[in-house]
Structures are given as structure tokens and as C-alpha cells.
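The structure appears right after this line, and notes come after that.
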Amino acid sequence: YPTVMVFRHGKPIKEYRSARKSEALVKYVLNDIQTEPKPIVSEDEIDKSKDYFLGKFLDHNTPQYIKFKEIISELHDDCVAFAIFHSDHHFPGHITFHPSAVIFL
474 YPTVMVFRHG
484 KPIKEYRSAR
494 KSEALVKYVL
504 NDIQTEPKPI
514 VSEDEIDKSK
524 DYFLGKFLDH
534 NTPQYIKFKE
544 IISELHDDCV
554 AFAIFHSDHH
564 FPGHITFHPS
574 AVIFL
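Under my numbering, the first residue of the sequence shown is numbered 474, with each subsequent residue one higher.
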């Protein structure tokens, strides 16, 4: 079989190892390219049982949001990302990580 690699921003991310049928490859690619943070209105929309990043931005064109999208695309397989857009935020460009569980040692 030929090797099929996934690249993002010019960097190899992973190797495709699933079925070699066109339907499976298309499904994989369509799922894999949906890496943008999910826009939400309120933090109440988030399933807090999973690890997630939350970014608060003024709009889609800020340098902070553009960089956030780039970083999140590399973490796509590990956690979920959300973005809140509002001109009223106290911390525009503020990004936080929320683990699903905290372990104290």
C-alpha cells in the first residue's frame, strides 16, 4: 500500500491507517478537516466532562483567533475547542484550558 500522510500547515501530522476504499478515505478527510473551534454564545453550552479549550475573542479576524485556530488544528484529536465572540469581553484573546478531571497528588 502507498503511505497516505496528513499534513497541516506544511507539517506532517499523522498517517492514514484505515480502509483503502474511497468512501472511508472521504469520511476520514471530511472529519479531519473540521478543526475550527466551535462557536458558542455561552459557556453553558460546553460538555464539561471532556477536556476543552475556550477562547474569547472580539471577532474572527483578530490575530489571536487566527493563531488559536492554527494551534487547535494540531490538537484536534486530543480535545475540543470552543470560541466565544463578543465585543464586550473583558479579556479579548484570552484562552484557557479546562481538563475534564483534576488529580491531586
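Ideal Cβ placement from N, Cα and C applies to all residues, glycine included.
Only a predicted model underlies this, so the values are computations on that prediction, with no experimental measurement involved.
For Asp517, the closest of Asp561, Phe555, Ile576 and Ile568 by C-alpha to C-alpha distance is Phe555. The stretch 539–551 and the stretch 500–513 touch, with three or more beta-carbon pairs separated by less than 8 Å. For the pair Lys529 and Ile557, the CB atoms are nearer than the 7 Å cut-off. Residue nearest to Phe526 within the set Val553, Leu503, Glu488 and Asn504 is Val553 (criterion: CA-CA distance).
Taking 7 Å as the cut-off, the Cβ atoms of Tyr501 and Ser515 do not count as close. Val477 sits in a strand when the DSSP states are folded into three classes. Taking C-beta separations shorter than 7 Å and ignoring five residues to either side along the sequence, the partners of Thr476 in its chain run Glu488, following chain order. In this model, Gly483 and Ser495 are separated by some 24 Å (Cα to Cα).
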